[in-house]
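Residue 1205 in my numbering sits at position 236 of the sequence shown; the count goes up by one each step and never skips. Step one of this worksheet: look at the structure below.
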Amino acid sequence: MLRKLLSLFKNSILFPSLPEIPSEQFHYFFSEAENEWIGIPKTAVSEKELNLLKVLYKLGEFQVSRASAAEKGWHEYLFLNAPPPQYHSETYIRFIQFSIHGDEVNQVEIESALKGFFTEEVIIIWESASRGIVVEEKKQISLSEEELISMSETLESDFYVKISFFIGKLNLLSEAMRTKFLLEQEYFSFAISKLGNSTIFTFERVFPAYLAHHLPEELKYRGSQEIVEVFREDPEMFSTIKVFLENNSNASMTAKKLYIHRNTLQYRIDKFTEKTGIGLKDFYGAFTVFLACLLFEQNQKN
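Now the structure itself:
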């Protein structure tokens, strides 16, 4: 039924879910039977037609005035292919994406809390009910990774939600920035779905797993078969080697994280080298084994 309205009201738009940043120029109606929304231009609807539509469908009530002109400008640039917002020349911007995991997300309170952590004014855009973007202009030293972890812990304690961040790269504001953002958005979506609910993600942390995931099946098999067999036989070996490599081959830090003695750690590393013939002190050996760790982990989740 909603699709018939597309031909009755010019420039109407169907939406699979509730629009996060609705336009003030549209009425939005929801069909429970079809579980879809439709946006109809206000100029295309007479008062009589509006009253009839209200009887047939649920009229969405939005607080569209809450978003500032700057927030709307960034949203239209990133998602609607509009021109970039006006800034002075040589402006550097980074995007910090966030995803909130929890039953109830109070956007107003969380947005206020997020802004309180930044020393400079930032813009926050909501992509959905639980995902958003912090637009940060580089004026001075930005929040560090440790500070973002602290922010996450504070929000988790105050709002009983889990929040993950993807720290984007600092880039000169230009037309190409939208493309760079969309890539970072893709990496973040991949990380959330494939890498668990970690607190902090960056390109460097996500891309190796992203690359491993998209390798052709034949290459996955060729590059990891013998190492994966060792991990299958001894899952404890897998977790030990992966944590060791993730901690820059630092034995003390790895032993502490795994709650084992350093001698136990060294025994497992020596055992792995004996079985595979690959030394982890060599960069190429460590790289190959870490790729095999990612492939094994992804195979276990599938």
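Yeah, the Cβ is synthetic: ideal placement off N, Cα and C, and Gly gets one too.
- For Lys-1131, the enclosing beta strand (DSSP E) has its first and last residue at 1131–1136.
- The three-state reading of DSSP puts Pro-1204 in helix, counting H, G and I together.
- The beta carbon of Tyr-1061 sits closer than 8 Å to those of Glu-1106, Lys-1107, Leu-1139, Asn-1140, Leu-1141, Leu-1142, all from its chain and outside the five residues before and after it, given in chain order.
- In the same chain as Pro-1177, and ignoring 5 residues on each side of it, the C-beta atoms closer than 8 Å to its own belong to Phe-1259, Leu-1260, Leu-1263, in chain order.
- When the Cα atoms are used, Ile-1238 and Phe-1172 turn out to be separated by approximately 28 Å.
- For Pro-1177, the uninterrupted alpha helix (DSSP H) segment begins and ends at 1172–1182.
- Counting only runs of at least 4 residues, the stretch 1044–1104 fully encloses the following alpha helix (DSSP H) elements, listed from N- to C-terminal order: 1076–1086.
- Pairwise C-beta distances place the stretch 1123–1137 in contact with the stretch 1061–1080, as three or more of them are shorter than 8 Å.
- Three or more beta-carbon pairs drawn from the stretch 1007–1015 and the stretch 971–984 are found closer than 8 Å, and the two stretches are therefore classed as touching.
- Around the beta carbon of Val-1175, 16 or more other beta carbons lie within 10 angstroms, which makes this residue buried.
- Here DSSP, grouped into helix, strand and coil, assigns Lys-1017 to helix.
- By the neighbour-count criterion, in which 16 or more other beta carbons inside 10 Å mark a residue as buried, Phe-1252 falls on the exposed side.
- For Tyr-1228, there is no enclosing beta strand (DSSP E), as DSSP marks it with neither H nor E.
- The beta-bridge partner set that DSSP reports for Phe-998 consists of Ile-1007, Leu-1028.
- By the Cβ criterion, the stretch 1229–1237 is in contact with the stretch 1201–1213, since at least three pairs of Cβ atoms, one from each stretch, lie closer than 8 Å.
- In this structure, the beta-carbon distance from Gln-1066 to Ile-1102 falls below 8 Å.
- Taking the Cβ atoms as the reference, Phe-1086 lies roughly 7 Å from Leu-1112, within the contact range of under 8 Å.
- If you ignore the 5 residues before and after Ala-1013, its C-beta comes within less than 6 Å of the C-beta of Phe-978, Lys-979, all in its own chain and listed in chain order.
- By a beta-carbon distance limit of 8 Å, Thr-1242 contacts Gly-1248. Their separation comes to about 6 Å.
- Taking the Cα positions, Glu-1003 is about 8 Å away from Met-970.
- Taking each of Arg-1063, Arg-1147, Phe-1135, Leu-983 in turn and checking the Cα distance to His-1044, the smallest one comes out for Arg-1147.
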